[in-house]
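As structure tokens, this is what we get:
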């Protein structure tokens, strides 16, 4: 993850691994990597991806070239030449993040179902979570934290206070300015 932040010794190990298909430790033990797929991630060039993605989510050749030039600038040729393929991932779109929010909320719903409660989330709440919990620079990770902090914690508080009980429906809604959690 984020290979650009790796210590130079890690690159030396990767060169050995990618070149020989094996690593030798300080005690002479050999670990075979011949049938291994090594996947490395990086944020190098992500600013070009975020700035230049089209509305339909496609990347043009100019943007691809800018990212590749940034990779060539940061990584030594002997490292890049050992990599079979470089895959550029497009930033998440608003609709994709909305689907991720639905998945995370489905998990919340499943946990409430274990307590014999139902969860309903309005479109307004979905939009609010996407608007306030997601930034293209950080992907979907902040959305999960946002849901935990703003929704799960509040539902838990209300359950502890006795505002929700078995058989109740928990409604998550928004008027655009804030979230509300109420009994349905």
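Numbering (the working numbering), first residue to last: 1249 to 1432.
All C-beta atoms in this analysis are idealised placements derived from N, C-alpha and C, irrespective of residue type, glycine included.
- DSSP links residue 1387 through a beta bridge to 1383.
- Residue pairing by DSSP places residue 1418 opposite 1367, 1431 in a beta bridge.
- For residue 1398, the CB contacts under 7 Å within the same chain, skipping 5 residues up- and downstream, are 1427 in chain order.
- Residue pairing of residue 1401 in beta bridges, as defined by DSSP: absent, with no partner found.
- Around residue 1394, the same chain offers 1377, 1380, 1381 as residues with beta carbons nearer than 7 Å, after the five sequence neighbours per side are excluded.
- Rounded to whole angstroms, the Cβ separation of residue 1374 and residue 1349 is 6 Å, and the two are in contact under 8 Å.
- In the three-state reduction of the DSSP assignment, residue 1277 falls in the coil class, being assigned neither a helical nor a strand state.
- Bounds of the alpha helix (DSSP H) holding residue 1320 are 1309 to 1322.
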